[in-house]
Amino acid sequence: MAEKAQFDIFLGGSQELPPEAHIMKLASARANEIAAMTYSIDNPQQTKLIFQKLPMHMRRRIMSHNAKRMPRRLREMHIHQMSKSGLPPKTKRPSRKYRRRPQNLIAEYKRRQVKNSWLETHVWHAKRFHMVEKWGHRLPEHSNDRCFRASYRAVAKHCLLQDISYYSCIQLTGPINALKKMLKNHCDPGNLSFTAKSYIQGSREGNLMFYRKNGYPTSPVGTVEFIWRPGNSELKTLWMWAHPAFYQLILSEICNSFKFNLESPCHSSDSEYSGADNCRLVLLKNSLNRFRLCGPLSLAVLTTALRLPEIGKILDEVRKSEGEGDEVKSHTTMETDSPKCGDSDSDVEIVQVSKKEIEPMDVESNTRIDRDDNNESLETTAQSWYSEYYRDSENIQSLQVQKEVFEHLRDLNSPNQLPPCAVMAFTVLDPRYFVPTKRNKAQTNARTIETIPVPPTLINVSAIWEPRIRKSSVKNFKTTNEINKLRSENLVPGIGNDDKYDQSYIAKVPILLIQRPGCGYGEKSLGFSSGIDVILPSGWATPFWISFIFRCAKPGGLRESTSIIFENLRLNSPDFNPPDTEAYIKEASERKTSLMEKYFRYPPNRRSNYVKLGISSPFYCEWNLLIKEWTDMATFYVLRDKKLLHLIQENISHQLPLNRHKKYQQLCESSFDKTVFKDTNTLITVKIVIESKGCPRDFAIICLPLSEDLEKLGQKRTWEGPVAKLRKDPNESIRKTLRRGHLALLKRLRRQRVKQRIKMESSDHRSVEPKPSSSIAMSKIISRKKAQSIVDLQAEKMKNLYLPNCKTIRNSCDREVMGYVVKGDFSFTESKGIGLGYVTLPSLFSLIKQKSNVVLIRNTRSRQYRLARLSILT
């Protein structure tokens, strides 16, 4: 069969088509057809309604009553047709939830923050996280997903994101000599202080233990992090970040040292106070946000989410602002010379801004009013801070250096390649203009670079130190609604063309990036948990947070912070409180109360009998009693002298010497000098590693092994350890007797109440005038209160019988107790059970005599002792 001939000459046909077509000629030739088609669409001849033209499978009877059941494209025409029918519109009554909603959502949010303040990302977290009330804040504890291992994988291989804006910032300004003199009294004289050479230039963030005035070593407060403002001026500015668990205590110590008076009623955020030696204090508690990114992909998330402005366009805007005329100059002069402004280091307000007033909803309403009034003035204000700031040639040079460093950051594979605790400043564009359409995982470049040569100067020069610039960035915040309106007005609506906008219309935000070093010792991977901290002005938390989330950063909460400290053994973190601090005592007492309440919610046959197990304090570490039994002293502190800690570690053998000779043992004992330790009432921070089976838990006891235990271990390496004897509980029979008597008493009281009720009912029937209902109700209330008081008294007696007061710790079980495990669990990095704990110094002397680092660990709900290796954490 012959094939059909083709039409086009290029395909073997006979017809030659023209290479081009004139659109105007083609449209004019078919103008009549287009007009007829348009007329037939506008004037339909059929009388069917819109919903009658739908296919059968899309028709619903309720469409004639509810227009929302129609497709969206036909809904407007359907409503128009239904309105012509004359039927009254039937409005559905709003739901009860809708009717009970607050009329003013912002006012409702402020009302709910009276007791516990919120983070700026609270609404985002509240939908996805379990929230807890701690330290006067409403904070995310952990995600509602099952994500414990996923969070560890994020730290180890990807990126974990946390909002730590609950840290409070304290700004100190004054002469360097005065600051050095005052702050020296709150530091360890043997370690680096606030004014060390490595910190004073502002190129690195410092970290140290803050003590009460002249309180070293017995009165620590907590670990603080600090940054110095770069510059060589006579007045230096210090930012000190304190954890909310001890923020008030640190603030009171600073006020006592510098003679600041905070008793004035204006004790609030951004208020300035003057003290001795021309020093000033500004509370930046609600002026800065801080995010923490942990993991090797932290830099990849940052470099893909953030964009730096082009230097050429910044210079063009600076030249434009310089030549705008007297009107702009007078506006700028009026803004900078206002009596409310003050100098650059003060934080006196230009615009009254607090954390509750810079919620995204607040800024949205205020900015919308300004935009509706005058768009040109808003545009001028939006570019005012950086057009004025970058008139300085040094600031322009710093911007150029920051641009080069930011390009180098793209080539790094991990934050661990950066210098430790390096501070880098950048001015970035509003990240909402660069959010992808869907979540994309950030990836590192293929290039491999060992380290990055960060310039010693200009890289840390930032506009975020200027208070008026921080407030200007908040004032010029464009709401997401305004950005979406701007997108909808494009020729091609959507977010696909956001990077094509002119940078003069995009807000600029000054930020700080701080490198956080990871651990690289023992069995940990090099640089594990290293990351980047991002400091940005308040009001910008949600846009940056969403931008990081769209780069597949894993969000975390307080539980993740604890697990990171446990895995990397970084105990100089503000989130970890040693036992000799007031923050630890308060937190431990609260935890003891909650655990005891949980314990007594169980029925008696489901409660662990800690008396039989030989655990005298299952929910609290009795450090004072333990120290008193070892040293006959009532007080203690944690030893932090690194030289002494290294001395102890060197004298604790890492291997168990078998068949030890007496001469060798005497030589080892004589080589260790105990006289170098001035105080023996100290606790030593230790790490416990389980040898074989088992996993230490919180409140587990650390015990000294006997010589018999070491001999059995030498004979059999697979020996699991001794088993504690089951003790007698002298209160067991007393509890049973009390319980029987209590039940009998309750039955007797119930019979009395029944008899009294029957008697009152019978007397009411006999008497002509019945008793008033108020007297009957009062008698019921009295009887109930009497019964409740008996129940409460019985519960208190049973608590004391189940958990009697702790009288001894050291000899409470078969082995001598050295200390406690404060945090124990299975370690993913080491693939075994480990624990962080504290032991007394005299008990370590006994361990050194044995020339072994083997100890015994026993959990509170077990009789099995587990063999473990002990090492000193410095």
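Residue numbering for the sequence shown follows the numbering used here, starting at 1312 and increasing by one per position.
Each residue gets a CB set at the ideal place from its N, CA and C atoms; glycine is no exception.
Does DSSP put residue i in a helix, in a strand, or in coil?
| i | result |
| --- | --- |
| residue 2198 | Nothing about residue 2198 can be read from this structure; the chain reaches only from 1312 to 2185. |
| residue 1427 | coil |
| residue 1347 | helix |
| residue 2179 | strand |
| residue 2020 | helix |
| residue 1878 | helix |
| residue 1605 | strand |
| residue 2106 | helix |
| residue 1335 | helix |
| residue 2071 | helix |
| residue 1518 | strand |
| residue 1340 | helix |
| residue 1961 | helix |
| residue 1576 | Reliability of the predicted coordinates at residue 1576 is poor, the pLDDT of 44 falling under 50, and the value obtained from them is presented with this limitation in mind. Residue 1576: coil per DSSP, three-state reduction. |
| residue 1790 | coil |
| residue 1511 | helix |
| residue 1565 | helix |
Take the Cβ of residue i as the centre, count every other Cβ of all protein chains shown within 10 Å, and call the residue buried at 16 or more, exposed below.
| i | result |
| --- | --- |
| residue 1827 | buried |
| residue 1888 | buried |
| residue 1318 | exposed |
| residue 1904 | exposed |
| residue 1321 | exposed |
| residue 1353 | exposed |
| residue 1741 | buried |
| residue 2183 | buried |
| residue 1418 | exposed |
| residue 1565 | buried |
| residue 1391 | exposed |
| residue 2148 | buried |
| residue 1262 | The structure shown does not extend to residue 1262, since the chain is modelled only from 1312 to 2185, so the question has no answer here. |
| residue 1771 | buried |
Suppose the cutoff is 8 Å on Cβ atoms and the five residues either side in sequence are ignored; what does the same chain contact list for residue i look like?
| i | result |
| --- | --- |
| residue 2110 | 1907 and 1911 |
| residue 1567 | 1524 |
| residue 1389 | 1360, 1361, 1362, 1374, 1378 and 1381 |
In terms of residue numbering, what span does the alpha helix (DSSP H) encompassing residue i cover?
| i | result |
| --- | --- |
| residue 1463 | 1459 to 1468 |
| residue 2171 | Premise fails: residue 2171 is in no alpha helix (DSSP H) and is neither H nor E. |
| residue 1852 | 1852 to 1860 |
| residue 1591 | From DSSP, residue 1591 is part of no alpha helix (DSSP H) but of the beta strand (DSSP E) over 1591 to 1594. |
| residue 1385 | 1383 to 1395 |
| residue 1900 | 1893 to 1912 |
Residue range of the beta strand (DSSP E) that residue i falls in?
| i | result |
| --- | --- |
| residue 2146 | 2143 to 2151 |
| residue 1480 | 1479 to 1486 |
| residue 1534 | 1531 to 1539 |
| residue 1449 | 1448 to 1454 |
| residue 1744 | Taken as a continuous stretch (DSSP letters only), residue 1744 belongs to no beta strand (DSSP E), as it is neither H nor E. |
Within its chain, find whatever has a CB closer than 6 Å to the CB of residue i; leave out the 5 residues flanking it on each side and keep chain order.
| i | result |
| --- | --- |
| residue 1867 | 1462, 1471 and 1473 |
| residue 1697 | 1819 |
| residue 1480 | 1550, 1552, 1595 and 1599 |
| residue 1857 | none |
| residue 2006 | 2137 and 2144 |
| residue 1991 | 1942, 2152 and 2153 |
| residue 1475 | 1601 and 1603 |
Sorted by chain position, which residues of the same chain lie with C-beta nearer than 7 Å to residue i's C-beta, five sequence neighbours on each side aside?
| i | result |
| --- | --- |
| residue 1328 | 1319 |
| residue 2155 | 1959 and 1995 |
| residue 1693 | Only weak support is given to the placement of residue 1693: the predicted model assigns it a pLDDT of 45, under 50, and the value that follows is read from those uncertain coordinates. Only 1787 and 1818 meet the Cβ criterion. |
| residue 1808 | 1801 |
| residue 1700 | 1706, 1774 and 1780 |
| residue 1769 | 1708, 1709 and 1712 |
* Asked: Does the count of Cβ pairs from the stretch 1890 to 1907 and the stretch 1498 to 1506 closer than 8 Å reach three?
  -> no
* Asked: Are there three or more Cβ pairs, one per stretch, closer than 8 Å when the stretch 1849 to 1858 is compared with the stretch 1777 to 1790?
  -> yes
* Taking three-plus beta-carbon pairs below 8 Å as touching, is the stretch 1709 to 1717 in contact with the stretch 1790 to 1808? -> no
* Any 3 or more C-beta pairs closer than 8 Å across the stretch 1515 to 1525 and the stretch 1448 to 1467 -> no
* **Three CB pairs or more closer than 8 Å across the stretch 1838 to 1845 and the stretch 1809 to 1824** => yes
* **the stretch 1506 to 1514 touching the stretch 1721 to 1728, judged by at least three CB pairs closer than 8 Å** => no
* Stretch-stretch touch, CB-based, cutoff 8 Å, three pairs: the stretch 1933 to 1952 with the stretch 2112 to 2132 -> yes
* Asked: Any chance the stretch 2043 to 2050 sits against the stretch 2127 to 2142, with 3 or more Cβ pairs inside 8 Å?
  -> The answer is no - the stretch 2127 to 2142 does not touch the stretch 2043 to 2050, with fewer than three Cβ pairs under 8 Å.
* If we count Cβ pairs, one from each stretch, closer than 8 Å, do we get three or more for the stretch 1601 to 1609 versus the stretch 1621 to 1631? -> no
* Asked: Does the stretch 1942 to 1951 touch the stretch 1529 to 1537, meaning 3 or more C-beta pairs lie closer than 8 Å?
  -> yes
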